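Numbering (the working numbering), first residue to last: 2 to 626. Note that beta-carbon positions come from the ideal geometry of N, C-alpha and C, so glycine has one too. Since the model is a prediction, treat every value here as computed from it, not as a measurement. Notes follow the structure.
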């Protein structure tokens, strides 16, 4: 709302010259659009279906992502084969920033993307993709009031058996709707020296949890071998933030899970089983930790825990950490995960006003409101009061947003203020957690050094020093792995074969992760390229969507592109997660069926020639001239 007002005010102050320029630009756009509309569409030979009429479509992928490039090419080849010469597919790479811009502008008829969950619960899949107004549902113009009701009811259902049945029904409806084509669910694999022990595959995280690792005492094959040093090389860059209340991406997440701790965390190889971390146990209805109505969660805290700076961990630290996250309410953070169930009308408070700094600092969510929902019962227990039952709450607390900071230390560097916000966000020196490691050095785009926390409550880590190095070239990383210069490296799936049989290297195939690849079909196309001539509501026809689903070769994609490191999903809820059911069918590669569905997709004569064909590049160039 504030941004709209700002734009309106700015428009009111425009000069006559500025208005004239805008009018001229509009005329140019209209003229270009008119020209394109006259010559852009395919010839109409009287066909009443999209198979016989044919169509043109431009598919985009983010440049450098070979798997998504191949996905586009597979779809191109197979769709064009249905009616050669009439169906034309163009595959176009875009830099990531441009890709996101095109997506936001509604310029993509279909979008290849991936999704990794924030927390291990089916609500974190069905809500973004199928709830009206959800992150991806809004991008493709999808609304379904029946599914909205079902998703809301399933999210709040506290009986586990009933909830599982509800997600089965949701999954079956999602299959029938076919608004997304789920192309692959990645499986984990680890490439490291065969001297490494203790690595485990958590489907939630592809990054490493270093506390579990150890090295053999000696390896005569490697010069300068050090069992107390672990070197990991990756393409990952800098964390976007050093503050767990703000950080919301993979690179930062790898640091957070090794430096900080939450009340709960995932139990080694399982993401459906949680364990107490800073809490002594996982609260349940049975042990009295969760109230019968699912509204109150009580956590008993682990005694004799210290932060890496030597300060004692207390209940006040827990309360403060959540109060701080909600008060900051950074718009780029994961605060929404806890805000949506802890704060009444949370989304009405907005987000981002705090990060402007200066004298205008103002908490987005008032602390008196927060205090009604999070408090310390005593020195060793805290309680959360939810605004509605939400069985995923325990899983939410296992994410970075649940990491606990040292209240006394944060207050000493500015607390809940703009100065404190800046210090925690930008400066790695302030990362003081209760976890097994602490950060010792950080050099941007080069290396991060972690050292074992000697005060760790669960005993000092087996490996004393961890170096996380940024090495952009995959071949260089692989050479370092083979020589023993690196203990483990990130290997692209396409290059897995280059290390599988190498001496001294162990490539361990894990279970499926919760990372999925998908194709979203846009039912409300806002702007077409000159290489696309379908109407805005082309994918609103279920027959068209089904044709695309059956035109994708899932087996070839998984075996030849992902080198067998994936499985075909049967819907939004991935295998291994609560709510998954093998009873939900999956689409198969079948060009005969694709042809049948495209034949059944009728051309609407009233709209098919009204596609908004605008060549934005031409408009921009013309206006700049």
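Nearest CA to the CA of residue i: which residue from the options?
i           : options            : result
residue 117 : 302, 578, 592      : 578
residue 314 : 190, 571, 382      : 382
residue 174 : 380, 71, 150, 593  : 150
residue 222 : 92, 448, 504       : 504
residue 157 : 342, 400, 379      : 342
residue 376 : 202, 300, 460      : 300
residue 443 : 452, 588, 435, 50  : 452
residue 437 : 412, 366, 255, 165 : 255
residue 335 : 568, 280, 285, 253 : 253
residue 182 : 144, 219, 76, 270  : 76
residue 426 : 244, 89, 159, 47   : 244
residue 586 : 569, 593, 596      : 569
Go to residue i, then tell me how far its alpha helix (DSSP H) extends in each direction, as first and last residue.
i           : result
residue 1   : Because the chain spans 2 through 626 in this model, residue 1 falls outside it and cannot be assessed.
residue 131 : 124-131
residue 411 : 408-413
residue 1   : This structure does not reach residue 1, given that the chain is present from 2 up to 626, and the question cannot be answered.
residue 260 : 251-260
residue 476 : 475-484
residue 136 : 136-140
residue 383 : That residue, residue 383, is in no alpha helix (DSSP H); its beta strand (DSSP E) goes 382-386.
Rounded to the nearest angstrom, what separates residue i and residue j at their Cα positions?
i           : j           : result
residue 464 : residue 227 : 10 Å
residue 339 : residue 549 : 37 Å
residue 420 : residue 57  : 54 Å
residue 517 : residue 372 : 38 Å
residue 546 : residue 132 : 19 Å
residue 511 : residue 457 : 29 Å
residue 348 : residue 134 : 13 Å
residue 235 : residue 520 : 27 Å
residue 272 : residue 121 : 6 Å
residue 322 : residue 403 : 8 Å
residue 542 : residue 378 : 55 Å
residue 306 : residue 93  : 54 Å
residue 344 : residue 289 : 23 Å
residue 239 : residue 259 : 16 Å
residue 346 : residue 368 : 14 Å
residue 250 : residue 87  : 43 Å
residue 384 : residue 176 : 39 Å
residue 529 : residue 144 : 21 Å
DSSP state of residue i, grouped into three classes?
i           : result
residue 344 : coil
residue 630 : As shown, the chain starts at 2 and ends at 626. That puts residue 630 outside it, with no answer to give.
residue 303 : coil
residue 510 : strand
residue 4   : Residue placement at residue 4 cannot be trusted, given a pLDDT of 25 that sits under 50; what the coordinates show is reported in the next sentence. Three-state result, residue 4: helix.
residue 529 : strand
residue 405 : coil
residue 629 : There is no way to answer for residue 629, as the model of the chain reaches only from 2 to 626.
residue 69  : helix
residue 549 : helix
residue 235 : strand
residue 376 : strand
residue 441 : strand
residue 50  : strand
residue 522 : strand
residue 337 : helix
residue 288 : coil
residue 265 : strand
Closer than 7 Å by C-beta to residue i: which residues in its own chain qualify, once you throw out the five before and the five after it? Chain order, please.
i           : result
residue 506 : 192, 194, 195, 482, 483, 500
residue 63  : 69, 95, 97, 100
residue 123 : 168, 574, 578, 579, 580
residue 184 : 72, 518, 519, 520, 553, 555, 558
residue 204 : 272, 512, 513, 514, 515, 577
residue 267 : 203, 205, 275, 399
residue 461 : 453, 455
What residues in its chain sit with their C-beta under 8 Å from that of residue i, if we drop five residues either side in the sequence?
i           : result
residue 103 : 61, 95, 109
Excluding the 5 residues flanking residue i on each side, which residues of the same chain have their C-beta closer than 6 Å to its C-beta?
i           : result
residue 544 : 598, 601, 602
residue 215 : 198, 199, 463
residue 230 : 466
residue 417 : 325, 328
For the beta strand (DSSP E) containing residue i, name the first residue and the last one.
i           : result
residue 427 : It is not in any beta strand (DSSP E) - residue 427 instead sits in the alpha helix (DSSP H) that spans 419-427.
residue 153 : Taken as a continuous stretch (DSSP letters only), residue 153 belongs to no beta strand (DSSP E), being part of the alpha helix (DSSP H) at 146-157.
residue 469 : 466-471
residue 59  : 56-63
residue 598 : That residue, residue 598, is in no beta strand (DSSP E); its alpha helix (DSSP H) goes 592-601.
residue 276 : 275-277
residue 451 : 448-453
residue 499 : Counting along the chain, residue 499 falls outside any beta strand (DSSP E), though it belongs to the alpha helix (DSSP H) covering 498-501.
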